[in-house]
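Colleague: The structure that follows is given in the form of structure tokens.
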Amino acid sequence: MEKFTHVRIVMGMIVSLGLTHMLKGLSSTIQHPTRTNVYAIHLAWVASLILNILQFWWWEFSLREIPVWTFGIYLYLILYAFIIYLMCAMLFPDSIREYQDYREYFLSRRRWFFGLLLTECVIDIGDSLIKGEIHVASLGDVYWIRTALVAIGCLFAIRTRNQVYHASFVSMNLVTQVLLVANMSWASA
Numbered sequence: 044m045e046k047f048t049h050v051r052i053v054m055g056m057i058v059s060l061g062l063t064h065m066l067k068g069l070s071s072t073i074q075h076p077t078r079t080n081v082y083a084i085h086l087a088w089v090a091s092l093i094l095n096i097l098q099f100w101w102w103e104f105s106l107r108e109i110p111v112w113t114f115g116i117y118l119y120l121i122l123y124a125f126i127i128y129l130m131c132a133m134l135f136p137d138s139i140r141e142y143q144d145y146r147e148y149f150l151s152r153r154r155w156f157f158g159l160l161l162t163e164c165v166i167d168i169g170d171s172l173i174k175g176e177i178h179v180a181s182l183g184d185v186y187w188i189r190t191a192l193v194a195i196g197c198l199f200a201i202r203t204r205n206q207v208y209h210a211s212f213v214s215m216n217l218v219t220q221v222l223l224v225a226n227m228s229w230a231s232a
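Plus 43 on top of the position in the sequence shown (first one is 1) and you've got the numbering used here.
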């Protein structure tokens with residue numbers, strides 16, 4: 044088995060667990076909406092993370108172009124998958140019994156969630172650089188602007204409980220995420 048295939052399988056298993064966790068949590072929320080009092084900002088981050096996972100899987104195929112694999116690259120990419128899984132687990136914990144609802148839970152755990160999202164932004168830059176100059180050039184300015192906006196947004200989101208800020212931030216994130224996916228899709232067409 045070639046190294047890319049092996050790495051792709053391991054990353055896929057970890058990220059698949061995250062997606063399964065998200066879909067299970069979303070399914071439970073749909074089945075029992077009054078049990079947990081859904082929170083729109085939380086659900087928007089769920090949508091964003093699901094799109095992020097699908098985008099991650101698609102663009103990780105670019106790793107096939109790496110000519111030389113090292114254990115360091117392998118560890119780095121597995122760390123990336125772990126961060127994605129942890130974000131999924133943060134959005135849908137095993138239980139929120141100690142919290143009144145998802146709003147209270149999300150705001151109480153915002154430092155963890157946005158700290159992980161900030162970490163993912165940084166790791167994604169490294170991931171893009173690992174894929175090579177051609178890949179980095181294909182990302183265009185949209186990628187760099189979005190990454191900077193999300194990273195800066197995370198720094199503020201970690202510190203504030205302001206609902207208007209959180210609603211604005213997740214909205215900006217979703218819009219720029221869709222623009223990035225569209226830009227990357229058009230660039231590769």
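Cβ atoms here follow ideal geometry from the backbone N, Cα and C, with glycine treated the same way.
Alpha carbon to alpha carbon, how far is F165 from V224?
Modeller: The question names Phe, but residue 165 in the sequence shown is Val. If you take the alpha carbons of V165 and V224, they lie about 18 Å apart.
Colleague: May I ask which residues mark the beginning and end of the alpha helix (DSSP H) holding S181?
Modeller: E176 to R202 is the extent of the alpha helix (DSSP H) around S181.
Colleague: Quick check for students: name the residue ranges of the alpha helix (DSSP H) that lie wholly in the stretch 122-176, counting only runs of 4 or more.
Modeller: 145-151 and 153-174
Colleague: Cutting at 8 Å between CB atoms, please list the residues of its own chain near I173, excluding the five before and the five after it.
Modeller: L106, I109, I116, Y119 and L120
Colleague: Can at least three beta-carbon pairs, one atom from the stretch 61-78 and one from the stretch 184-193, be found at a separation below 8 Å?
Modeller: no
Colleague: In the structure shown, what three-state DSSP assignment does P110 receive?
Modeller: coil
Colleague: Looking at the structure shown, is Y119 part of a helix, part of a strand, or coil, going by DSSP?
Modeller: helix
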